[in-house]
Amino acid sequence: MQVPAKFEYERADSVPHALQLLERYGPEARIVAGGHSLIPMMKLRLAQPEALIDINGLASELGRIAVEGDELAIGALVRHAELLDDVTATDLFPIFRDAERVIADPIVRHRGTVGGSLCQGDPSEDLSAVFAALRATAVIQGPGGTRTVPVRQFHQGPYETAVEPNELLIQLRVPITPGTGSAYEKVERRVGDWPVAAAGAVITVSDGVIAQAGIGLTAVGAEHFCAPEAEQHLIGRAPGEEVFAEAGRIAAEHCEPHSDQRGPADYKRHLAAELTRRALARANRNVPGSATV
Amino acid sequence: MSYGRMHRKEDARFIRGRGNYTDDVRLPGMLYGAILRSPHAHARIVSIDTSAAEAHPKVKAVITGQTLAGLGLAWMPTLSQDTQAVLATDKVRFQGQEVAFAVAEDPYSARDALELIDVEYDPLDAVIDARKAMDPGAPVIRDDLEGRAGNHIFDWEAGDRARTDAIFEQAEVTVAQDMLYPRVHPAPLETCGAVADFDKVTGKLTVWCPTQAPHAHRTLYAMVAGLPEHKIRVISPDIGGGFGGKVGIYPGYVCAIVGSIVTGRPVKWMEDRSENLMSTAFARDYHMRGEIAATRDGKIQAIRVKVLADHGAFNGTAQPTKFPAGFFHVFSGSYDLEAAHCEVTGVYTNKAPGGVAYACSFRVTEAVYLVERMVDVLAAELNIDPAEVRMRNLLKPEQFPYLSPTGWEYDSGDYPKALRLAMDMAGYDKLRAEQADKRARGELMGIGISFFTEAVGAGPRKHMDILGLGMADGAELRVHPTGKAVLRVSCQTQGQGHETTFAQIVGQELGIPADDVEVVHGDTDQTPFGLGTYGSRSTPVSGAATAIVARKVRDRAKIVAAAMLEASPDDLEWADGKWSVVGDPSTGKSMAEIALAAHSNLELPEGVEGHLDAVTVYNPPNLTYPFGAYICVVDVDPGTGQVKVRRFVAVDDCGVRINPMIVEGQIHGGLADGVGMALMQVMAFDEDGNHLGASFMDYLLPTAIECPAWELGETVTPSPTHPIGAKGVGESATVGSPAAVVNAVVDALRPYGVRHADMPLTPANVWRVINGDPFRTDLAIP
Chain U
6 MQVPAKFEYE RADSVPHALQ LLERYGPEAR IVAGGHSLIP MMKLRLAQPE
56 ALIDINGLAS ELGRIAVEGD ELAIGALVRH AELLDDVTAT DLFPIFRDAE
106 RVIADPIVRH RGTVGGSLCQ GDPSEDLSAV FAALRATAVI QGPGGTRTVP
156 VRQFHQGPYE TAVEPNELLI QLRVPITPGT GSAYEKVERR VGDWPVAAAG
206 AVITVSDGVI AQAGIGLTAV GAEHFCAPEA EQHLIGRAPG EEVFAEAGRI
256 AAEHCEPHSD QRGPADYKRH LAAELTRRAL ARANRNVPGS ATV
Chain Z
2 MSYGRMHRKE DARFIRGRGN YTDDVRLPGM LYGAILRSPH AHARIVSIDT
52 SAAEAHPKVK AVITGQTLAG LGLAWMPTLS QDTQAVLATD KVRFQGQEVA
102 FAVAEDPYSA RDALELIDVE YDPLDAVIDA RKAMDPGAPV IRDDLEGRAG
152 NHIFDWEAGD RARTDAIFEQ AEVTVAQDML YPRVHPAPLE TCGAVADFDK
202 VTGKLTVWCP TQAPHAHRTL YAMVAGLPEH KIRVISPDIG GGFGGKVGIY
252 PGYVCAIVGS IVTGRPVKWM EDRSENLMST AFARDYHMRG EIAATRDGKI
302 QAIRVKVLAD HGAFNGTAQP TKFPAGFFHV FSGSYDLEAA HCEVTGVYTN
352 KAPGGVAYAC SFRVTEAVYL VERMVDVLAA ELNIDPAEVR MRNLLKPEQF
402 PYLSPTGWEY DSGDYPKALR LAMDMAGYDK LRAEQADKRA RGELMGIGIS
452 FFTEAVGAGP RKHMDILGLG MADGAELRVH PTGKAVLRVS CQTQGQGHET
502 TFAQIVGQEL GIPADDVEVV HGDTDQTPFG LGTYGSRSTP VSGAATAIVA
552 RKVRDRAKIV AAAMLEASPD DLEWADGKWS VVGDPSTGKS MAEIALAAHS
602 NLELPEGVEG HLDAVTVYNP PNLTYPFGAY ICVVDVDPGT GQVKVRRFVA
652 VDDCGVRINP MIVEGQIHGG LADGVGMALM QVMAFDEDGN HLGASFMDYL
702 LPTAIECPAW ELGETVTPSP THPIGAKGVG ESATVGSPAA VVNAVVDALR
752 PYGVRHADMP LTPANVWRVI NGDPFRTDLA IP
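Chains as they are written, first to last, in our numbering: chain U, 6 to 298; chain Z, 2 to 783.
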């Protein structure tokens, strides 16, 4: 029987209250939202926080998805299933639909949250690659107010993020650019598994050439979950299979995958190239008004 | 007629959450136990300090190997005449091995206590790769066994070596292939556990635990612990899946019993998922080399096999005593051969003990995989369609009963008919045409065939026993005055639907509805002796006992009916579920009428005491031999190595089907198991002996997404030796399906010159195979 060690439990009734509780309990406290990473780790006693601060009651503050100006705002407490079901989000960014369909299983998706996924900081997290590809901004609130951090600077190493012990991730903001297509490609050993490797692509096509490109990679040791050299290769070029394949090759070159039971490093590097190529091709196909099908 | 589709009687409680599993058992004053396990695969225990744990206010006892040694219980016998540590005293020999047992007032405190136990280990080099276990200088794992200087356990052979070798020397064509059937785990959703309650006043020990063999457990507890057998009651309540993993006795059960004896209170111990995967019985782990000798036109003449069997740290394989490799020597399969020979060498490694668990019919799974892979290797060598090679070699209906070259007597079958049916259902020729088109476009599609013959229903007691206990099963049947019946059987259901099918057998024999029959099982105080449910033996053995005991009751009913009709029993006939005077159906007496008369003041002939009941013991004259033809269709993504099972056609012949719905359910489950083993399941270990599949995050079970809509077909060839012609089906699909999936994937990869690939065929594995650089699937991926 798996049972966690002893811990205190507090239920926050507002974001300021959650921040007060973080101050009170200090760095050994942990925020719990969906709990699908933290609770199993506690039951295995790999994590033994002194206190859990439950933010599941903060849906009115942190659970919204809305277009605000030229950005899509996604609350940190939005559940995976809610993002998957949000037609505004998935029509604007099909990459969300692609990714959320292959994250865990429906049970986990109904509890797990967008913010929790990012804050867990797992090197194989799907949404970290998705938001990196989208060049999103993280909004973090602390005792002194809110601050923003580009998602590409959010992760500072495995399981380490820019969120300080007395802060709370409250929102992700995704820039909306006309003429943009996006897609996500993942290889998993079985449905619901963590990725062996996965790639997300976001491209903006203007006057027949790629004006902006975002490539997100996960589980392959890509720094900050992105591939800037490959993105650079795409800018100013006409979209096409050869260009996408070359971008994939460049992205793979800059990865540092590790062998584990999901696969050897050379295979993961191969997947970084192959999946980047496939994601770019599909992203290109769903650029609004794209001629190709 | 009581045979046919009917809903499972047990499902009403399961779907309403009213099942009663071991973990649902709660007794007044019950304590909770937790096991401290070894983090090392191989290490000497320098010291164990339990003082801090014992000082915990809610801890009632901390038991170590030393405590048990004082009771003579530190070691226990395994099912293969070896010994296994209950709690380690000298060394730990696999990661996850049991070291100490804490008993506390609640599960949290028991778990907390484990962190207060201080064990000092002196780590030793571990033996992980079975192929290096017998190397000179390899660390000796079992230095507890007197005179043991290495890790070799046994050599065993079957068949005619000289004749086989002679055929190979003369053969026009020979092929050889190394293959690994990796270590997998049955992974039942309910883990193992026990509630032990020792009553100091009466001296009675009651143990609830999810055992597939409650009577064998009771007898072994009596033999090992010295408790009188009539003072031991083993209750196997509802079981959430067994698959062979719940046959043996685990250290945790013994710890719970000792915990109850020491504290004088009931003790519950339930393992968690990782404990289950790391320490309970594994399956397979056979490193095999197969060879076929054949003519140029594809007639198979002989097969020979060498096996290196990884048995882990203690030889805990569950199988009939005479057969250290189980029934592996049924590997000549479904084919008409001149000769066959196999040799099996068992070795110790620093891994968990176990052996044949996981729906394998005592290693028939490994045998079928070996021969069905080899037939495809031969087909590729000769460039003949694999279906055609099988058709040229399958046994013909007129050859039954057939004595196989390794000594099995196959009971009945029409193999070509089953394969033709499967090919018709699949549209085999069309699939091959589609494959040719796809190959021309660079797309990878594969078609895999597996034809299996199972050997189930162990077994004839003169050949088969487990630790000296013959494999015959008892049954008791009592018809109450109003014609409702209670059947008591020794085997225990873990999802097979015994409460339904055995009631149907009684109903069929007595002419009463199956709903009027209650099946009592799983409680040693309430049921006759028998060896349990595994190896697809319930219907072949206990099902036969049920039919025979019902016929005994029917025969007694005949005498009672004769008294009722004032006729001679010789003048009665059994028709439409009634005894009646020959030629006069209007005289018919139903079982309910007869039962009431049997309990009444009706004057009965001399020699019949009254009431309506019977007992029997069924000693099977032979095994039963179910068979089947499976065809799997896969698509492979060459860019990622991902395999998609597109279709799966399964034609099964398990003889007479008592409840076809339950048979189909069993087949569905087994096919899913096969897809899991073929594509994703493996327990690999790194060089230090760390278990790399110790949770469901790393040990993958297939889901509906990986399973196609199964296409099932059937032929019916009754068993001539079974009283109702049934053959047993619980493991058929698990036995037959992995080879079909692997054959399909290898077939898809033929454009790359691939002849073989080891399971599991994960995307990474397939991609490496395509690139000619496969890795060992049983070790850490380098």
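From the three backbone atoms N, C-alpha and C, an ideal C-beta is built for every residue, glycine too.
Identify the contact partners of residue i in chain Z, using a Cβ-Cβ distance below 7 Å as the criterion.
i	result
U/Y272	A765, W768 and R769
Quick test of your reading: residue i and residue j, contact by CB under 8 Å. State the CB separation rounded to the nearest angstrom.
i	j	result
Z/G246	Z/T281	5 Å
Z/R306	Z/L371	The sequence shown places Val at residue 306 of chain Z, not Arg. About 6 Å separates the two Cβ atoms, so the contact holds.
Z/G327	Z/F363	3 Å
Z/K559	Z/G512	With a Cβ gap of about 12 Å, Z/K559 and Z/G512 do not count as contacting.
Tell me where the beta strand (DSSP E) around residue i begins and ends.
i	result
Z/F102	E99 to A105
Z/R489	A486 to V490
Z/I154	H153 to G160
Z/F686	Looking at the DSSP string, Z/F686 is not in any beta strand (DSSP E), and its letter there is neither H nor E.
Z/I771	Taken as a continuous stretch (DSSP letters only), Z/I771 belongs to no beta strand (DSSP E), being part of the alpha helix (DSSP H) at P764 to I771.
Z/V746	Segment S733 to A749 is the alpha helix (DSSP H) holding Z/V746; no beta strand (DSSP E) there.
Z/T90	Unbroken run through Z/T90: none, as it is neither H nor E.
From what residue to what residue does the alpha helix (DSSP H) around residue i run?
i	result
U/A17	Note, U/A17: premise wrong, no alpha helix (DSSP H); not H, not E.
U/H41	Per DSSP, U/H41 belongs to no alpha helix (DSSP H) and is neither H nor E.
Z/S335	No alpha helix (DSSP H) contains Z/S335, which DSSP labels as neither H nor E.
Z/D674	P661 to L680
Please list the partners that residue i has in chain U, where partner means a Cβ-to-Cβ separation under 8 Å.
i	result
Z/P783	S264 and P269
Z/F776	P269
Z/A282	Those do not exist, as Z/A282 stays about 20 Å from chain U at its closest Cβ, beyond 8 Å.
Z/A685	Q266
Z/P703	R195
Z/L693	Q266
Residues of chain Z with a CB under 8 Å from the CB of residue i: which are they?
i	result
U/H275	W768
Give me the chain U residues within the contact set of residue i, using Cβ-Cβ distance strictly less than 9 Å, ordered along the chain.
i	result
Z/I706	R195, V196 and G197
Z/D113	V8, A10 and K11
What residues of chain U sit near residue i, judged by a beta carbon separation below 7 Å?
i	result
Z/Q643	V192
Z/P108	M6 and V8
Z/D273	M6 and Q7
Z/D699	Q266
Z/M681	R194 and R195
Taking a contact to mean a Cβ-Cβ separation below 9 Å, would you say residue i touches residue j in this structure?
i	j	result
U/L174	U/L123	yes
U/M47	U/A23	no
Z/L532	Z/A284	no
Z/T735	Z/T366	yes
Z/M678	Z/V185	yes
U/G2	U/G117	Chain U is shown from 6 up to 298; residue 2 of chain U falls before or after that span and cannot be answered.
U/A134	U/F12	no
Z/V235	Z/T525	yes
Z/A630	Z/A456	no
Z/I49	Z/D144	no
Z/A114	Z/A35	yes
U/I58	U/E15	yes
U/G205	U/A188	yes
Z/V196	Z/T23	yes
Z/D474	Z/L396	no
Along chain Z, which residues have their Cβ under 9 Å away from the Cβ of residue i?
i	result
U/V4	This structure cannot settle anything about residue 4 of chain U, because the visible part of chain U is limited to 6 through 298.
U/E279	G640 and T641
List in chain order: all unbroken alpha helix (DSSP H) runs of 4+ residues lying wholly within the stretch 201-243 of chain Z.
-> The stretch 201-243 of chain Z contains these whole alpha helix (DSSP H) runs: 215-226.
Ordered list of beta strand (DSSP E) runs contained in the stretch 509-566 of chain Z, each at least 3 residues | The stretch 509-566 of chain Z contains these whole beta strand (DSSP E) runs: 518-521.
Start-end ranges of the beta strand (DSSP E) lying completely within the stretch 72-100 of chain U, minimum 3 residues = As far as the stretch 72-100 of chain U is concerned, its whole beta strand (DSSP E) runs of at least 3 residues are 76-80.
Continuous alpha helix (DSSP H) assignments of at least 4 residues falling wholly in the stretch 218-249 of chain U = Those alpha helix (DSSP H) runs which fall completely within the stretch 218-249 of chain U and span 4+ residues are 233-239.
Segments assigned alpha helix (DSSP H), at least 4 residues, entirely inside the stretch 265-351 of chain Z = DSSP runs (the alpha helix (DSSP H)) wholly in the stretch 265-351 of chain Z: 274-280.
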